[in-house]
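Structure record follows, encoded as structure tokens.
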Amino acid sequence: MTRTLRVNVVGALALMGLLLAVAPDAPVADAAMRGDLEAVRTLIKSGADVNAAQGDGMTALHWSAMNGNRDMADLLLYAGAAVDPLTRLGSYTPLHLAAKESRAEVAGALLGAGANVKARTSTGGATALHLAAQSGAVDVINALADKGADVNARDEQWGQTPLMFAAAANRAPAVTALLKRGADPAIAGSTIDMVERGKYDRASEDRRNQLQEAIHANAAAAPQAPRGAPAAAAAPQAQGLRPAINPQAARAAADMPVGREAEMGRYGGLTALHLAARDGLMESVVALLDGGADLNQRSAADNTTPLLVATINGQFDVAKLLVDRGADVAAQADNGEGVLFAVLNAQWTPKSRHPEPADYMLQKTTYMELMQQLLDKGADPKARLKYNVWHIELGSGYLTLDWTGATPFFRATHALDLEAMKLLVKYGSDPSLGTIKVGEGRSRGPAGPDPSGVLPVPPGGIAVLPIHVSTGHGYGDQFVANVHRFVEGNWLPVVKYLVEEHGADVNARDMAGETPLHNAAARGDNELVKYLVSKGADVMAVDRKGRTTVDMANGPQQRVQPLPETIKLLESMGAKNNHKCVSC
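In this text, residue positions in the sequence shown follow the numbering used here: the first is 220, and each later residue adds one.
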């Protein structure tokens, strides 16, 4: 026991000695970090190295820049301090830190000593001007520009300019200063093609799987340790390192666009005005517009305008300002999304499993006020999505809808927003338009007979109608109830509006062969069931999976419990119960 303790103590002392031996000795930097000018002066007189850096590369000059201590910076520069030393983490120069912390006096001293205005950090490739713009340091911006800093320099991560940094941080005075210095508001940031990115990622996965397969094969072929030998002596086993997918399949998949990636297409390519509009930064938006930014410039990725970016993100106040300043309300992105659809989706964005956008709740302008303004200015209430919009569900996918072909009216109906529906119809929206079937989809096995008795829907045909989403489309197939956001108490009023004022067919089939009655039954909405039947709904309708209206109320999927009252009601109306409860 004593021997073990002695060995441990000796080992600890040896380790401590090793650590002390490699710890950097930078007394001048330490004193500068504390802001102790007299200690720095004393150390310099004693011959201490003014360029000695701490463990992270911070020198005394870095600390004087960080703390804004001009006297200390002057002293260090006079004593021979290098003007452009780099930190070990990020490769920051003292000028970078002076700009980042808005230390104009120290920045002036550094520039006077010849600091490199073109130096870039290793974390993103930002210049001092980028950091000055982000911090709103107008004096530093002007000083850097006077020394030849490129006001349109792009960072190496997203290709963003100092103007974009200032706009995204809502530094309106910095925005104005940069524009006066020649910053170009039309420059757009970099773009990423998600389909190409997906191919690259799957190719990387292919290489990883091949490596894992080789590791597993080598481990399996290694000689086994004798029985009873310590575990450490055994050949290492690559437990869990099985190929996730077949390498050949991975290579084939690398050449096929995957749905989510194809939906996202390209993203990025935003200008300073796009960035400010996206985050609702009113001061930056005004400064950019006053400085000559094009309020209708489209993004380099998907032709999104600043107005559309603002509406997508629920920034209704900025959107109103842009419309007041003359923004094109008819402009659409490549996917066909227009401002009316975007406003409604921002207001009724489905719930998600991560923090949800909430800016729409902080606006002075209501979504209805903005829609009215947009319609008065000529926004198209009949615009249809050209393909599915990835950001509608924020990644959850529980709504089980491909939104291709959806109109603003369809989006309002999905939210049971009767007020918005009526407003859109007033301006010419077509309440009969639904979503469009895209492709044939993937087969889950051999195709059997279709028990619904309705013809298959061809690509380009009707997928889902407003009458379907107004009754609860998807509630019987997925966990739509967990994410669906809508106007409470509006199920029956919306259905009545569609049926009685617009002639919606209560027996209309969606792509899956389901009727409005299937949907109402899946939600256990007995009042709506009675109404639909009173209007001629067929209680005997069967969907393509062979499910009756009663089946939809009888636990049609796991974790969805049967609804006894609805089952009893439909059975009393003559509907057939196949007794195929999945969740029982």
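We put the beta carbon where it would ideally sit given N, CA and C, even for glycine. Bear in mind the structure is a predicted one, so any value in this text is a computation, not a measurement.
Discussion item. Within 10 Å of its beta-carbon, does V801 have 16 or more other beta-carbons around it, so buried, or fewer, so exposed?
Written reply: Against the sequence shown, residue 801 aligns to sequence position 582. Its Cβ having fewer than 16 others within 10 Å, V801 is exposed.
Worksheet entry | Alpha-carbon spacing of A794 relative to M759, whole angstroms | Position 575 of the sequence shown, counted from the start, is the residue given in the question as residue 794. Position 540 of the sequence shown, counted from the start, is the residue given in the question as residue 759. Computed Cα separation, rounded: 5 Å.
Item to complete: Look up Y586 in the DSSP assignment and say whether it is helix, strand or coil.
Response: By 1-based counting over the sequence shown, the position of residue 586 is 367. Helix, per DSSP.
Item to complete: Hey, could you find the ends of the beta strand (DSSP E) T410 is sitting in?
Response: Counting from 1 along the sequence shown, the entry for residue 410 is found at position 191. Boundaries of the beta strand (DSSP E) around T410: T410 to D412.
Worksheet item: Roughly how many whole angstroms lie between the Cα atoms of T734 and V752?
Response: Sequence index remark: in the sequence shown, residue 734 carries index 515 (1-based). Sequence index remark: in the sequence shown, residue 752 carries index 533 (1-based). Distance between the alpha carbons of T734 and V752: 12 Å.
Item to complete: Give the C-beta separation of G299 and V259 to the nearest angstrom, bearing in mind that I take them to be a contact with Cβ-Cβ under 8 Å.
Response: Residue numbering aside, residue 299 sits at position 80 when the sequence shown is read from its first letter. Residue numbering aside, residue 259 sits at position 40 when the sequence shown is read from its first letter. Wrong, their Cβ atoms sit about 13 Å apart, outside the cutoff.
Worksheet entry | Alpha-carbon to alpha-carbon, V394 and H315 | The sequence position of residue 315 within the sequence shown is 96, counting from 1. The sequence position of residue 394 within the sequence shown is 175, counting from 1. Near 19 Å, if we compare the C-alpha coordinates of V394 and H315.
Discussion item. Taking 7 Å as the limit between beta carbons, can you name the residues of its chain near R630, skipping five residues before and five after?
Written reply: Residue 630 sits at position 411 when you count from the first residue of the sequence shown. Cβ within range, chain order: F560, L563 and N564.
Discussion item. Taking the straight line between their C-alpha atoms, what separation do you get for R322 and G344?
Written reply: Here residue 322 is taken as the residue at index 103 of the sequence shown, counted from 1. Here residue 344 is taken as the residue at index 125 of the sequence shown, counted from 1. Roughly 21 Å between the two C-alpha positions.
Practice prompt. Return the first residue and the last residue of the alpha helix (DSSP H) that G331 is part of.
Written response: As a working mapping, residue 331 is identified with position 112 in the sequence shown. Note, G331: alpha helix (DSSP H), A323 to G331.
Worksheet item: Just how far apart, CA to CA, sit A457 and Y419?
Response: Start at 1 with the first residue of the sequence shown, and residue 457 comes out as number 238. Start at 1 with the first residue of the sequence shown, and residue 419 comes out as number 200. Legend: pLDDT at A457 = 35, less than 50; position of this residue unreliable, value from coordinates given subsequently. Those two C-alpha atoms are separated by around 26 Å.
Discussion item. For Y486, list the residues DSSP reports as bridge partners.
Written reply: On the sequence shown, position 267 is the one that residue 486 refers to. The secondary-structure analysis by DSSP pairs Y486 across a beta bridge with I411.
Worksheet entry | Through-space distance from A756 to E726, alpha-carbon basis | On the sequence shown, residue 726 is found 507 positions in, with the first residue counted as 1. On the sequence shown, residue 756 is found 537 positions in, with the first residue counted as 1. Contrary to the premise, residue 726 reads as Asn rather than Glu in this sequence. If I take the Cα positions, the gap works out to 6 Å.
Worksheet item: How many angstroms separate the CA atom of A245 from the CA atom of A267?
Response: Locating residue 245 in the sequence shown gives position 26, counting from the first residue. Locating residue 267 in the sequence shown gives position 48, counting from the first residue. If you take the alpha carbons of A245 and A267, they lie about 8 Å apart.
Worksheet item: Helix, strand or coil: how does DSSP classify I406 here?
Response: Reading the sequence shown from its first residue, position 187 is the one you call residue 406. Correct three-state label for I406: coil.
Practice prompt. Could you tell me whether the stretch 352-366 touches the stretch 385-405, where touching means 3 or more Cβ pairs closer than 8 Å?
Written response: yes
Item to complete: Within the stretch 331-359, note down every full beta strand (DSSP E) run reaching 3 residues or more, in order along the chain.
Response: none
Item to complete: Tell me whether T342 is buried or exposed, calling it buried when 16 or more other Cβ atoms sit within 10 Å of its Cβ.
Response: The count along the sequence shown starts at 1 and reaches residue 342 at position 123. Per the 10 Å Cβ criterion, exposed.
Worksheet item: Hey, V702 and P576 are a contact pair by Cβ (cut 8 Å); roughly how many whole angstroms apart?
Response: Walking along the sequence shown from the start, residue 702 turns up at place 483. Walking along the sequence shown from the start, residue 576 turns up at place 357. 14 Å between Cβ atoms; not a contact.
Fill in: Nearest candidate by alpha-carbon position, reference W377, set M587, D425, P392 and G487
Against the sequence shown, residue 377 aligns to sequence position 158. It is G487 whose Cα lies nearest to the Cα of W377.
Worksheet item: When the Cβ atoms of the stretch 527-537 are set against those of the stretch 412-431, are three or more pairs found closer than 8 Å?
Response: no
Worksheet item: What distance in whole Å lies between the Cβ atoms of T380 and N371, which are believed to be in contact at a cut-off of 8 Å?
Response: Along the sequence shown, one-based indexing puts residue 371 at 152. Along the sequence shown, one-based indexing puts residue 380 at 161. Yes, N371 and T380 are in contact; Cβ-Cβ is about 5 Å, under 8 Å.
Worksheet item: Looking at P313 and G810, is the spacing between their C-beta atoms short of 7 Å?
Response: Nothing can be reported for residue 810: it is not among the residues displayed for the chain, which extend from 220 to 803.
Worksheet item: Starting from P668 and walking both ways along the alpha helix (DSSP H), at which residues does that stretch end?
Response: Here residue 668 refers to the residue found at position 449 when the sequence shown is read from its first residue. First-last for P668: undefined, no H or E at that position.
Worksheet item: According to DSSP, which residues form a beta bridge with I655?
Response: Position 436 of the sequence shown holds residue 655. Answer is I681, bridged to I655.
Discussion item. Can you list, in chain order, the residues of its chain with a C-beta nearer than 6 Å to that of A519? Leave out the 5 residues immediately preceding and following it.
Written reply: Within the sequence shown, numbered from 1, the residue matching residue 519 stands at position 300. Once the five neighbours on either side are set aside, the close Cβ partners of A519 are A407, T410 and G488.
Worksheet item: Would A318 pass as a contact of A347 if the rule is Cβ separation under 7 Å?
Response: On the sequence shown, position 99 is the one that residue 318 refers to. On the sequence shown, position 128 is the one that residue 347 refers to. Cβ distance < 7 Å, so A318 and A347 count as in contact.
Worksheet item: Are the beta-carbon atoms belonging to V771 and G693 less than 7 Å from one another?
Response: By one-based count along the sequence shown, residue 771 stands at place 552. By one-based count along the sequence shown, residue 693 stands at place 474. With the sequence shown as reference, residue 771 is identified as Met, and Val is not the correct amino acid for it. Cβ distance not < 7 Å, so M771 and G693 don't count as in contact.
Discussion item. One question on the structure: do L717 and S671 come within less than 7 Å of each other, judged by their Cβ atoms?
Written reply: In the sequence shown, the residue the question calls residue 717 occupies position 498. In the sequence shown, the residue the question calls residue 671 occupies position 452. Against a cut-off of 7 Å, the Cβ pair of S671 and L717 comes out as no contact.
Item to complete: Report all residues from its chain with a CB closer than 8 Å to the CB of D649; omit the five preceding and five following residues, and keep chain order.
Response: Looking up residue 649 in the sequence shown gives position 430. These residues qualify, in order along the chain: K601, T626 and F628.
Worksheet entry | Exposed unless 16 or more other CB atoms sit within 10 angstroms - verdict on R783 | Along the sequence shown, read from residue 1 onward, the residue named residue 783 stands at position 564. The question names Arg, but residue 783 is Pro in the sequence shown. If you draw a 10 Å sphere on the C-beta of P783, you find fewer than 16 other C-beta atoms in it, and that means exposed.
Worksheet item: Any chance the CB of V657 is under 6 Å from a heavy atom of the ligand NAD?
Response: For the ligand NAD, the structure offers nothing, since it holds no ligand at all.
Worksheet item: If you draw a straight line from the alpha carbon of P677 to that of G658, how long is it in whole angstroms?
Response: By 1-based counting over the sequence shown, the position of residue 677 is 458. By 1-based counting over the sequence shown, the position of residue 658 is 439. Distance between the alpha carbons of P677 and G658 is about 8 Å.
Worksheet item: Near T340, what residues of its chain come up, given a Cβ to Cβ distance below 7 Å and the 5 sequence neighbours on each side ignored?
Response: The sequence position of residue 340 within the sequence shown is 121, counting from 1. Counting only Cβ-Cβ distances below 7 Å, and skipping sequence neighbours, we find G309, S310, Y311 and H315.
Item to complete: State the Cα-Cα distance for the pair T490 and D249, rounded to the nearest angstrom.
Response: What you label residue 490 is simply residue 271 of the sequence shown in a count that begins at 1. What you label residue 249 is simply residue 30 of the sequence shown in a count that begins at 1. If I take the Cα positions, the gap works out to 42 Å.
Item to complete: Enumerate in chain order the residues of its own chain whose CB-to-CB distance from T584 is below 6 Å, with the five nearest sequence positions on each side excluded.
Response: As a position in the sequence shown, residue 584 is number 365, starting the count at 1. Correct list, in chain order: F535, D536 and K539.
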